[in-house]
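Trainee: Quick one: structure below, then a few questions.
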Amino acid sequence: MAIDPKTKTLVQTLGVVFFMGAMAWASVPFYNWFCRVTGFGGTTQVAEASTRRDILDQTIKIKFDASKDRDMPWDFKPMQTEMIVRIGEEGLAFYEAYNPTDHPIAGQATYNVAPYQAGGFFNKIECFCFTEQVLMPGERVQMPVSFFVDPEIVDDRDAKYTKHITLSYTFYEIDLPEQTQAALDTTGDAPGIDDQDDAKASVN
């Protein structure tokens, strides 16, 4: 019996979603790479701060969202829920992470943009998601993300009517960097707040 085209499309879509969910759980770097290559999930772009661009009078609202994997013990939230920026203007937002446990934890953030058609016009200049993050026991940090919306969005057939963009991050726990783990194996104990500078220096 032939499969209805709509049913086939639905099955394929669900298969892709399931596959990417599994890959996100298994390999955060692979998930980020896949999204950059395919545009899955409205993946953002990366730009240099010196990139020349027009700054328009037209504004757009940026909303910020945070979530974490169920096995990630950190507290993680945006420091602001939304802001309004001019298209082409550089914006700066902060997210906060806190490690309430008694041991160091490393994390890596995945990210996406909604609506997905705006992802190609959302450019990040600096972001905590570019590298893994290590928080010592009881450590709380504020992590910046600087960005701008490409002025070419106003000329795009699908994205030009976008009134707001939501930037979402999800943090996953990952293995500690080798240097941090080696330091723990040497001392036999997790460094506390007073030892954070020395411990993080060993990572770098």
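In UniProt numbering, the protein residues as written are 1 to 204. Even for Gly, the Cβ is constructed at its ideal location relative to N, Cα and C. A quick note: this is a predicted structure, and the numbers were derived from the prediction, not measured.
#1: Keeping to the same chain, check which residues put their C-beta closer than 6 Å to that of S67; ignore five residues upstream and five downstream.
#2: Do I55 and G88 have their C-beta atoms closer together than 7 Å?
#3: Quick check on T81: does DSSP put it in helix, strand or coil?
#4: Looking only at its own chain, which residues have a Cβ that is under 8 Å from the Cβ of I174, when we skip the five neighbours before and after it?
#5: Suppose the cutoff is 6 Å on Cβ atoms and the five residues either side in sequence are ignored; what does the same chain contact list for A118 look like?
#6: Sort out for me which residues DSSP pairs V154 with in a bridge.
#7: DSSP state of L56, grouped into three classes?
#8: With DSSP as the reference, label A159 as helix, strand or coil.
#9: Going by DSSP, what residue range makes up the alpha helix (DSSP H) through A183?
#10: Quick check: what's the CA-CA separation for Q142 versus E82?
#11: So, helix, strand or coil for G107, using DSSP?
#12: Could you check whether S146 and E126 sit closer than 7 Å to each other, using their CB atoms as the reference points?
#13: Counting along the chain, where does the beta strand (DSSP E) carrying P100 start and finish?
#14: Just mark M79 as buried or exposed, buried being the case when its beta carbon has 16 or more other beta carbons within 10 Å.
#15: For G120, does the count of other Cβ atoms within 10 angstroms reach 16, so buried, or fall short, so exposed?
Mentor: Taking the coordinates as given:
#1: One-based indexing of the sequence shown puts residue 67 at position 67. Hits under 6 Å: T170.
#2: Taking the first residue of the sequence shown as position 1, residue 55 is located at position 55. Taking the first residue of the sequence shown as position 1, residue 88 is located at position 88. Result yes, Cβ atoms of I55 and G88 sit closer than 7 Å.
#3: The count along the sequence shown starts at 1 and reaches residue 81 at position 81. Of the three classes helix, strand and coil, the one that applies to T81 here is coil, per DSSP.
#4: Here residue 174 refers to the residue found at position 174 of the sequence shown. These residues qualify, in order along the chain: V28, A106, G107, Q108, E132.
#5: For the purposes of this step, residue 118 is taken as residue 118 along the sequence shown, with counting starting at 1. For A118, where only same-chain residues beyond five positions count, the Cβ hits under 6 Å are A159, T162, I165.
#6: Residue numbering aside, residue 154 sits at position 154 when the sequence shown is read from its first letter. Answer is none; V154 lacks a bridge partner.
#7: The sequence position of residue 56 within the sequence shown is 56, counting from 1. In this structure, L56 counts as coil in the three-state DSSP scheme.
#8: Along the sequence shown, one-based indexing puts residue 159 at 159. Coil at A159, not helix or strand.
#9: On the sequence shown, residue 183 is found 183 positions in, with the first residue counted as 1. 178–187 is the extent of the alpha helix (DSSP H) around A183.
#10: As a working note, residue 142 is residue 142 in the sequence shown. As a working note, residue 82 is residue 82 in the sequence shown. Going from the Cα of Q142 to the Cα of E82 covers about 16 Å.
#11: Working through the sequence shown from its first residue, we reach residue 107 at position 107. Residue state, collapsed to three classes: strand.
#12: One-based indexing of the sequence shown puts residue 126 at position 126. One-based indexing of the sequence shown puts residue 146 at position 146. Yes, the pair counts as a contact, with Cβ atoms nearer than the cut-off.
#13: Within the sequence shown, numbered from 1, the residue matching residue 100 stands at position 100. Unbroken run through P100: none, as it is neither H nor E.
#14: Translated into positions along the sequence shown, residue 79 becomes position 79. With fewer than 16 Cβ atoms within 10 Å of its Cβ, M79 is classed as exposed.
#15: Taking the first residue of the sequence shown as position 1, residue 120 is located at position 120. With 16 or more other Cβ atoms within 10 Å, it is buried.
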